[in-house]
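K.L.:
Just passing along the structure, written as structure tokens.
There are 2 protein chains.
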Amino acid sequence: MAAKGGGAQGKGPQWQAGSVPSLQQADSEPALSIERIVATAVELLDAEGVDGLKMRRLADRLGAGAMSLYWHVDNKEEVFDLALDSVLEYRGPPQGIEAADWRGAIFHMLEDWRASMLGHPWSASLLPRRALGPNILSRLELLGRILSGAGVAEADLNGAIWSLWNYVIGATITRANFDLSDDDMAAAQQRLAHLSEKYPTIERARLLLDNDWDGAFRKGLDFLLDGLVPRQ
Amino acid sequence: MAAKGGGAQGKGPQWQAGSVPSLQQADSEPALSIERIVATAVELLDAEGVDGLKMRRLADRLGAGAMSLYWHVDNKEEVFDLALDSVLEYRGPPQGIEAADWRGAIFHMLEDWRASMLGHPWSASLLPRRALGPNILSRLELLGRILSGAGVAEADLNGAIWSLWNYVIGATITRANFDLSDDDMAAAQQRLAHLSEKYPTIERARLLLDNDWDGAFRKGLDFLLDGLVPRQ
DNA sequence: GATTGACTCGTACAACGTACGATGCGATTT
DNA sequence: AAATCGCATCGTACGTTGTACGAGTCAATC
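Right, here's the structure in full:
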């Protein structure tokens, strides 16, 4: 009887944390586990980017055979899913009371979100393809709770949550994309040099060059919040 | 002397349109060309998604050998770049004068942008990884021109353009992601069913279920524009 | 001691991107 | 007319990838 379908039963990632330690090769490596796999996958992704994650390489880093991974994981996609969600954990606002300063709470959470993703740029390119993990859902839940407490009407809650989510995702993806490739940008400029007179406004605004990304992010967020919850 | 580096010289896509027709096999297939390759790639992407685009399959559809593609294109990545940009062409507002109704002009362009991408959902997942093509730049240029005309200060232009871009990208990617997978969503619900009490707000807002995406998009855009260019 | 179930891994395979070099063909040159 | 050249096509082959399959190990249970 093969192990087929035993460990990683069912479809989709198992969003779990608790598991039995139960190490059995006490000599060197601390035995395989989803946690270790995910942690190492994140390391590898940080070091080599999305294309650098290969099952064999991941197994090597873990001191295991390639096929051993498949006991804990259905396929490579699931590794991506788990790695992505693991990076998006939110530890909550520092000390501020969210009820009192809802605006601060939102800002903190969303800026932390953005920072988390920019700290692992591969996550931005992964996000569009992947499912909602529990950490993402937690953030959305928190967002909804704060907005609701801030006075957003029930009927508008959906639109408000999505608007903020959209904005954060968009800003992060854009930033991660251009951050990864400062020379790509230069190359683009080069490549389009002879067309540059077609884009005078972009040229004038130096849109592609010097940018206060963080400031722009905050400002746009401010506008959005002003619209969602008018200052009294 | 091999053809190596002859046709697709240099690095990066050639953002060109004009080319000599010059068909030489007059019998059946109208000869290979970048235009034909890109058009067929888009077809294939529409039909099979990002993972469905393989060089061999693309060549088959074109009635050509796989390696023939490489005369016109450096590698598969370039096919993605070209396909993405080709989908993002903007034909301009219908009849409205952009100077008079700048708000309408912006809305039209951005909604068209979003619609273009949703019409080819693969484009949303491709965008984070790819470079700026001329069609994207044109849209940004137009956006900047309109905003500038609407009274946005030179110093704020950058932030304003990026805010809108971010919002559109984020909204589109989110929507495309969830649209692709209505059953993924159901599966996610299922998978997280036992955790559902952890997300009461999401539950209550039915965030994952019924959504007026278009309405939410417009509303958020309104808020953003109100912030960027206060109504007098 | 036999059985079971959790876990590991060596081998093998099919599919993929694409390097390489041969080939064909029209236009240009001699 | 013959030779040359540049554009374009494609058959073959290689290296790399994800992963199916089944054999193997070991601890716990009966």
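Chains as they are written, first to last, in the UniProt record's numbering: chain E, 1 to 232; chain P, 1 to 232. Glycine is no exception: its CB is placed at the ideal position from the N, C-alpha and C atoms. Since we're looking at a predicted model, the values are computed, not measured.
So which residues on chain E does residue 118/P lean against when the C-beta distance must stay under 7 Å?
P.N.:
If you number the second sequence from 1, residue 118/P lands on position 118. Those do not exist, as residue 118/P stays about 13 Å from chain E at its closest Cβ, beyond 7 Å.
K.L.:
Is there a Cβ from chain E that is less than 7 Å from the Cβ of residue 166/P?
P.N.:
On the second sequence, residue 166/P is found 166 positions in, with the first residue counted as 1. Closer than 7 Å: yes.
K.L.:
Could you check what DSSP says for residue 211/P in three-state terms: helix, strand or coil?
P.N.:
Reading the second sequence from its first residue, position 211 is the one you call residue 211/P. Looking at residue 211/P - three-state DSSP - the assignment turns out to be coil, as it is neither helix nor strand.
K.L.:
Straight-line CA distance for residue 94/P to residue 174/P?
P.N.:
Along the second sequence, read from residue 1 onward, the residue named residue 94/P stands at position 94. Along the second sequence, read from residue 1 onward, the residue named residue 174/P stands at position 174. Answer to the nearest angstrom: the Cα atoms are 27 Å apart.
K.L.:
Check whether the Cβ atoms of residue 69/P and residue 41/P sit closer than 7 Å, and answer yes or no.
P.N.:
Sequence index remark: in the second sequence, residue 69/P carries index 69 (1-based). Sequence index remark: in the second sequence, residue 41/P carries index 41 (1-based). Their beta carbons are not under 7 Å apart, which means residue 69/P does not touch residue 41/P by this criterion.
K.L.:
Would residue 103/E count as contacting chain P if we go by Cβ distances under 7 Å?
P.N.:
On the first sequence, position 103 is the one that residue 103/E refers to. Not an interface residue.
K.L.:
To the nearest angstrom, report how far apart residue 169/P and residue 220/E are at their CA atoms.
P.N.:
For the purposes of this step, residue 169/P is taken as residue 169 along the second sequence, with counting starting at 1. For the purposes of this step, residue 220/E is taken as residue 220 along the first sequence, with counting starting at 1. Approximately 14 Å, taken between the alpha carbons.
K.L.:
Would you mind stating whether residue 80/P and residue 118/P have Cβ atoms separated by less than 7 Å?
P.N.:
On the second sequence, residue 80/P is found 80 positions in, with the first residue counted as 1. On the second sequence, residue 118/P is found 118 positions in, with the first residue counted as 1. No; because the gap between Cβ atoms is not below 7 Å, this pair is not in contact.
K.L.:
For residue 109/E, report the span of its alpha helix (DSSP H) as first-last.
P.N.:
Sequence index remark: in the first sequence, residue 109/E carries index 109 (1-based). It spans 102–119 - the alpha helix (DSSP H) in which residue 109/E sits, taken as one unbroken run.
K.L.:
Using 7 Å as the limit for Cβ to Cβ distance, is residue 219/E near chain P?
P.N.:
Stepping through the first sequence from its first residue, residue 219/E is reached at position 219. Taking Cβ atoms only, chain P reaches closer than 7 Å to residue 219/E, which makes this a yes.
K.L.:
Among residues of its own chain, excluding the 5 on either side of residue 21/P, which ones have a beta-carbon nearer than 6 Å to its beta-carbon?
P.N.:
Locating residue 21/P in the second sequence gives position 21, where the first residue counts as 1. At residue 21/P, the pLDDT of 41 sits below 50, so the modelled position is not reliable; the number obtained from the coordinates is stated separately. The answer is none, since no qualifying residue turns up.
K.L.:
Taking all protein chains shown into account, do 16 or more other C-beta atoms lie within 10 angstroms of the C-beta of residue 206/E, making it buried, or fewer, making it exposed?
P.N.:
Numbered from 1 along the first sequence, position 206 holds the residue referred to as residue 206/E. Per the 10 Å Cβ criterion, exposed.
K.L.:
If you follow the alpha helix (DSSP H) that residue 86/P is part of, which residue opens it and which one closes it?
P.N.:
Position 86 of the second sequence, counted from the start, is the residue given in the question as residue 86/P. That run of the alpha helix (DSSP H) goes 76–87.
K.L.:
Is residue 209/P buried or exposed, if buried means 16 or more other CB atoms sit within 10 Å of its CB?
P.N.:
Position 209 of the second sequence, counted from the first residue, corresponds to residue 209/P. Flag for residue 209/P reads exposed.
K.L.:
DSSP state of residue 24/E, grouped into three classes?
P.N.:
Mapped onto the first sequence, residue 24/E falls at position 24. Bear in mind that a pLDDT of 41 at residue 24/E, under 50, signals an unreliable position, so the model cannot answer this.
K.L.:
Check distances from the C-beta atoms of the UniProt domain "HTH tetR-type" (31–91) of chain P to those of chain E and list, in chain order, the residues that come in under 9 Å.
P.N.:
If the cut-off is 9 Å between Cβ atoms, the UniProt domain "HTH tetR-type" (31–91) of chain P has 50 near chain E.
K.L.:
Does the structure place the region 221–228 of chain E close enough to the region 102–117 of chain E that three or more beta carbon pairs sit under 8 Å?
P.N.:
Short answer: they touch.
K.L.:
Pull out every residue of the region 129–156 of chain E whose Cβ sits closer than 7 Å to any Cβ of chain P, in chain order.
P.N.:
If the cut-off is 7 Å between Cβ atoms, the region 129–156 of chain E has 129, 131, 132, 134, 137, 140, 141, 144, 145, 148 near chain P.
K.L.:
Does the distance from the CB of residue 166/P to the CB of residue 167/E come in under 7 Å?
P.N.:
Counted from its first residue, the second sequence places residue 166/P at position 166. Counted from its first residue, the first sequence places residue 167/E at position 167. Going by C-beta atoms, residue 166/P is nearer than 7 Å to residue 167/E.
K.L.:
Would you mind sorting residue 43/E into buried or exposed? The rule is 16 or more other CB atoms within 10 Å of its CB.
P.N.:
Indexing the first sequence from 1 puts residue 43/E at position 43. When all chains shown are included, residue 43/E counts as exposed.
K.L.:
Could you tell me the distance, in whole angstroms, from the CA atom of residue 201/E to the CA atom of residue 154/P?
P.N.:
Here residue 201/E refers to the residue found at position 201 of the first sequence. Here residue 154/P refers to the residue found at position 154 of the second sequence. Rounded to whole angstroms, residue 201/E to residue 154/P spans 10 Å at the Cα level.
K.L.:
So residue 125/P contacts chain E; which residues on that side make the cut at Cβ distance below 7 Å?
P.N.:
On the second sequence, position 125 is the one that residue 125/P refers to. Ordered by position in chain E, the residues that pass the 7 Å Cβ test against residue 125/P are 128, 129.
K.L.:
When the Cα atoms are used, what is the spatial distance from residue 52/P to residue 46/P?
P.N.:
In the second sequence, the residue the question calls residue 52/P occupies position 52. In the second sequence, the residue the question calls residue 46/P occupies position 46. So the alpha carbons of these two residues sit roughly 9 Å apart.
K.L.:
Looking only at its chain, what residues have a beta carbon closer than 7 Å to the beta carbon of residue 50/P, apart from the 5 residues adjacent to it on each side?
P.N.:
Taking the second sequence and counting its residues from 1, one reaches residue 50/P at position 50. Result list for residue 50/P: 122, 125, 126, in chain order.
K.L.:
Would you please state the rounded distance, in angstroms, between the beta carbons of residue 252/P and residue 145/P? I believe it to be under 8 Å.
P.N.:
Summary: the structure shown does not reach residue 252/P, with chain P confined to residues 1 through 232, and so no result is reported for it.
K.L.:
Around the C-beta of residue 78/E, are 16 or more other C-beta atoms found within 10 angstroms, so that it is buried, or is it exposed?
P.N.:
The sequence position of residue 78/E within the first sequence is 78, counting from 1. The residue is buried, with at least 16 neighbouring Cβ atoms inside 10 Å.
K.L.:
If you draw a straight line from the alpha carbon of residue 216/E to that of residue 161/P, how long is it in whole angstroms?
P.N.:
On the first sequence, position 216 is the one that residue 216/E refers to. On the second sequence, position 161 is the one that residue 161/P refers to. Going by the C-alpha atoms only, they are around 9 Å apart.
K.L.:
Which runs of the alpha helix (DSSP H), 4 residues or longer, sit entirely within the UniProt DNA-binding region "H-T-H motif" (54–73) of chain P?
P.N.:
With a minimum length of 4 residues, the continuous alpha helix (DSSP H) runs that stay inside the UniProt DNA-binding region "H-T-H motif" (54–73) of chain P are 55–61, 69–72.
K.L.:
To which residues of the same chain is residue 113/P closer than 8 Å at the C-beta, ignoring the five residues directly before and after it?
P.N.:
For the purposes of this step, residue 113/P is taken as residue 113 along the second sequence, with counting starting at 1. Closer than 8 Å at Cβ, skipping near neighbours: 88, 90, 139, 168, 172.
K.L.:
Should residue 274/E go down as buried or exposed, given a rule of 16 or more other Cβ atoms within 10 Å for buried?
P.N.:
What the structure shows of chain E is the stretch from 1 to 232, and residue 274/E is not part of that stretch, so it cannot be assessed.
K.L.:
For residue 228/E, go through chain P and note every residue whose CB falls closer than 7 Å to its CB, in chain order.
P.N.:
Here residue 228/E refers to the residue found at position 228 when the first sequence is read from its first residue. What residue 228/E touches in chain P: 223.
K.L.:
Pull up the CB-CB distance for residue 134/E and residue 85/E, whole angstroms please, since I reckon it's below 8 Å.
P.N.:
Numbered from 1 along the first sequence, position 134 holds the residue referred to as residue 134/E. Numbered from 1 along the first sequence, position 85 holds the residue referred to as residue 85/E. The pair is a contact, with the Cβ atoms about 7 Å apart (cut-off 8 Å).
K.L.:
Under 7 Å, do residue 150/P and residue 102/P count as touching if we go by C-beta distance?
P.N.:
For the purposes of this step, residue 150/P is identified with residue 150 of the second sequence, where counting begins at 1. For the purposes of this step, residue 102/P is identified with residue 102 of the second sequence, where counting begins at 1. Contact flag set, yes.
K.L.:
Below 7 Å on C-beta distance, what does residue 113/E contact in chain P?
P.N.:
Numbered from 1 along the first sequence, position 113 holds the residue referred to as residue 113/E. Those do not exist, as residue 113/E stays about 12 Å from chain P at its closest Cβ, beyond 7 Å.
K.L.:
Against residue 106/P, what residues of chain E qualify as contacts under a CB-to-CB distance less than 7 Å, listed in chain order?
P.N.:
For the purposes of this step, residue 106/P is identified with residue 106 of the second sequence, where counting begins at 1. None at all; the shortest Cβ gap to chain E is about 14 Å.
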